[in-house]
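**Q**
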DNA sequence: CATAAAACATGACGTAACGTCAACGTCAAG
DNA sequence: CTTGACGTTGACGTTACGTCATGTTTTATG
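Protein chains in written order, with my numbering: chain A, 5 to 252; chain B, 5 to 252.
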């Protein structure tokens, strides 16, 4: 059992913050002593970590309470989704750093910048555009489901799925000169989609969002970049074409 | 000259925000029309960028005003310091991601975590200890060299190298129950090292550091995690054993 | 060219997530 | 047995805007 001071020191917040979280009901003490003192158990420590992670990602406390209050709330699944969100954050900061670099060059008499470019990484941008789709995609439930599915495969099966993945990327690279609409490229997209089925089957409209996320998330983008730096962008183009045709 | 709407759209803020910044004096319009309208020039765009960068880094508007109000304020110098601060931010997020990973393992019945560890990256601590090692590892010269080497390979060669990589990881997973010192595992480390030669040939003492970095860098760790969440840690163990034996 | 929609203006009040007293009870240590 | 650190509950203050309300000016359209 921890006292207010102990937990607040651990988490790097003030006692006032804990009182606030108690008041609004997102972190109730495990026990309240006869003297009125708040006492927190080990499970409160994990809850506090969750709260601070959500807060770090910009969620208002009220929503945090709503999410964590649901009885089907799964800590492990939430942590997985945090990883994804943290990845997004990091690549936003990478974009921002690039913008700062460009501005420095611009001021040193370098090439001109468009007014819009100056705020790349600062303004919410088009990330809000598919924020909803992304949210659905990184829904803890879906993440958990795909993890479950993936873990059920044997080592050999995992190897063949991953190998098929890199195989597709490399063949895609070879087919790049033909353009995104070429039959060979579209066939590769089809192979990619089939391979994706091994851990999640997205709806057609989610497929583009999935590709865009793959190319934005630094963890996945590294795999594309390993093959070729322009591959990620090309991939998104090809998937867009694929979806447009499939819809018709 | 930009109107309120134009500048606010550019910067990704609301007109209200610009009015607020005018009121508190941190961003005055370049000119005010006879109709009372605010008009902003190009220099306002750069000032706005500065304000948003400082805001992103958590400075209160009042301090931002104080800093930018000083007549010896240098935009280029400020941008340089922003880059440093953004770097710190990103390292903090990496630490946070590592904390999330550790918590996931902890919950999956893995090894225990100290209460303090749970908040690593969340509480405003300042541990930049291992930042140095990482910087050495990512020596620009080495990175550039390995990039050059890698790009020289044909598409087929790239594919076979990547396939061999995932193959080793999956076989490593299968061999995990035998322990890090088992002959089968050590043979796999040998295969891994041979495959690594394709883009960089580290000295024996650098090999451990390379493995550790692979397991820390979120971009590479994702590949390990895809196979199994505990694989990364096992890999480091195995490489350590390999190096110790090779030295003797 | 009228008129409607969009954009501009100035108050003025609302809010989220605490910070910061004030006034008072509790507890471990010297 | 006092002292000082820690605990409690109000209650008001702060930051950085959001959100009307109300009225004017500019721009687009039938």
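Quick reminder that beta carbons are idealized off the backbone N, C-alpha and C, glycines included.
Please report the residue range of the alpha helix (DSSP H) in which residue 199 of chain A lies.
**A** Taken as a continuous stretch (DSSP letters only), the alpha helix (DSSP H) holding residue 199 of chain A covers 187 to 200.
**Q** By the 10 Å Cβ neighbour count, where 16 or more other Cβ atoms means buried, how is residue 88 of chain B classified, buried or exposed?
**A** Label assigned to residue 88 of chain B: exposed.
**Q** What does the alpha-carbon distance come out to for the pair residue 206 of chain B and residue 65 of chain A?
**A** In a straight line, the C-alpha of residue 206 of chain B is about 48 angstroms away from that of residue 65 of chain A.
**Q** For the candidate residues B:175, B:121 and B:198, whose alpha-carbon lies nearest to that of residue 188 of chain B?
**A** That would be B:175, whose Cα lies nearest to the Cα of residue 188 of chain B.
**Q** Under 8 angstroms Cβ to Cβ from residue 26 of chain B, same chain only, skipping five residues before and after it: list those, please.
**A** Excluding sequence neighbours, residue 26 of chain B sits near 32, 33 and 42.
**Q** Report yes or no: is there a C-beta of chain A within less than 8 angstroms of the C-beta of residue 171 of chain B?
**A** True, the Cβ-Cβ gap to chain A drops below 8 angstroms.
**Q** Determine which residues share a DSSP beta bridge with residue 43 of chain B and list them.
**A** Residue 43 of chain B is bridged to B:35.
**Q** For my contact list, residue 30 of chain B and residue 62 of chain B are in at a C-beta cut-off of 8 angstroms; report their separation, rounded to the angstrom.
**A** In fact, because the Cβ distance is near 16 angstroms, the residues do not count as touching under 8 angstroms.
**Q** Hey, would you say residue 123 of chain A sits closer than 8 angstroms to residue 82 of chain B, going by beta carbons?
**A** No, the Cβ-Cβ distance between residue 123 of chain A and residue 82 of chain B is not below 8 angstroms.
**Q** Name the chain A residues whose beta carbon is nearer than 7 angstroms to that of residue 191 of chain B?
**A** Result: empty, since nearest Cβ-Cβ is about 16 angstroms, beyond 7 angstroms.
**Q** Are any of the Cβ atoms in chain B nearer than 8 angstroms to that of residue 24 of chain A?
**A** No, residue 24 of chain A does not count as interfacial toward chain B.
**Q** Which residue from A:115, A:86 and A:178 puts its Cα closest to that of residue 105 of chain B?
**A** If we check each option's Cα against that of residue 105 of chain B, A:86 comes out closest.
**Q** Between the stretch 152 to 167 of chain B and the stretch 194 to 203 of chain B, do at least 3 Cβ pairs fall closer than 8 angstroms?
**A** Touching, per the Cβ criterion.
**Q** For the ligand SAH, any of its heavy atoms closer than 7 angstroms to the Cβ of residue 154 of chain A?
**A** For the structure depicted, the ligand SAH is absent and the ligand set is empty, with no information on it obtainable.
**Q** Determine the extent of the alpha helix (DSSP H) in which residue 165 of chain A is found, giving its start and end residues.
**A** Taken as a continuous stretch (DSSP letters only), the alpha helix (DSSP H) holding residue 165 of chain A covers 159 to 179.
**Q** Cα separation between residue 109 of chain B and residue 35 of chain A?
**A** Looking at the two C-alpha atoms, the distance is approximately 28 angstroms.
**Q** Across which residues does DSSP place residue 6 of chain A in a beta bridge pair?
**A** Paired residues: A:44.
**Q** Suppose you measure from the CA of residue 242 of chain B to the CA of residue 115 of chain B; what does that come to, to the nearest Å?
**A** Rounded to the nearest angstrom, the two C-alpha atoms are 19 angstroms apart.
**Q** Using a Cβ cut-off of 8 angstroms, which residues of the stretch 236 to 247 of chain B contact any Cβ in chain A, in chain order?
**A** Here the close residues number zero.
**Q** So the alpha helix (DSSP H) residue 267 of chain A belongs to, where does it begin and stop?
**A** In the structure displayed, chain A extends from 5 to 252; residue 267 of chain A sits before or after that span and is not available.
**Q** Strictly under 8 angstroms for the Cβ-Cβ distance: is residue 135 of chain B near chain A by that measure?
**A** In this prediction, residue 135 of chain B scores a pLDDT of 44, lower than 50, which makes its location untrustworthy; the coordinate-derived value is nonetheless stated afterwards. It does not; no Cβ of chain A falls within 8 angstroms.
**Q** Is it true that the CB of residue 94 of chain A sits closer than 8 angstroms to the CB of residue 97 of chain B?
**A** Yes, the Cβ-Cβ distance between residue 97 of chain B and residue 94 of chain A is below 8 angstroms.
**Q** Ordered along the chain, which non-local residues of its own chain (more than five positions away) have a Cβ less than 8 angstroms from that of residue 190 of chain B?
**A** Excluding sequence neighbours, residue 190 of chain B sits near 242, 245, 246 and 249.
**Q** If I measure Cβ to Cβ from residue 135 of chain B and keep anything under 7 angstroms in the same chain, skipping five residues before and after, which residues do I get?
**A** Unreliable placement is indicated for residue 135 of chain B, whose pLDDT of 44 sits below 50; no coordinate value is reported for it.
**Q** In whole angstroms, what is the alpha-carbon distance linking residue 58 of chain B and residue 101 of chain B?
**A** Going from the Cα of residue 58 of chain B to the Cα of residue 101 of chain B covers about 24 angstroms.
**Q** Compute the beta-carbon to beta-carbon distance between residue 251 of chain B and residue 208 of chain B, rounded to the nearest angstrom, for a pair I have assumed lies under 8 angstroms.
**A** Confirmed, Cβ separation roughly 7 angstroms.
**Q** Kindly give me the distance between the Cβ atoms of residue 238 of chain B and residue 184 of chain B, rounded to whole angstroms, as I take these residues to be in contact under 8 angstroms.
**A** Indeed they touch by this definition, with Cβ atoms about 6 angstroms apart.
**Q** So is residue 101 of chain B in contact with chain A if we call contact Cβ pairs under 8 angstroms?
**A** Yes, contact with chain A.
**Q** Against chain A, which members of the stretch 79 to 93 of chain B pass a CB distance test of less than 8 angstroms?
**A** Of all residues in the stretch 79 to 93 of chain B, 79, 80, 83, 84, 86, 87, 90, 91 and 93 have a Cβ within less than 8 angstroms of some Cβ in chain A.
**Q** So which of A:173, A:40, A:22 and A:84 has the shortest CA-CA distance to residue 234 of chain A?
**A** The candidate whose alpha carbon is nearest that of residue 234 of chain A is A:173.
**Q** Taking a contact to mean a Cβ-Cβ separation below 8 angstroms, would you say residue 5 of chain A touches residue 40 of chain A in this structure?
**A** No, the Cβ-Cβ distance between residue 5 of chain A and residue 40 of chain A is not below 8 angstroms.
**Q** Taking residue 213 of chain A as the reference, give the member of A:227, A:240 and A:22 with the closest Cα.
**A** Out of A:227, A:240 and A:22, A:240 has the C-alpha closest to the C-alpha of residue 213 of chain A.
**Q** From residue 151 of chain B to residue 227 of chain A, what distance separates their C-alpha atoms?
**A** Those two C-alpha atoms are separated by around 14 angstroms.
**Q** Rounded to a whole number of angstroms, what is the C-alpha to C-alpha distance between residue 24 of chain B and residue 113 of chain A?
**A** The straight-line gap from Cα to Cα measures roughly 32 angstroms.
**Q** For residue 47 of chain B and residue 103 of chain A, I'd like the C-alpha separation in whole angstroms.
**A** Looking at the two C-alpha atoms, the distance is approximately 17 angstroms.
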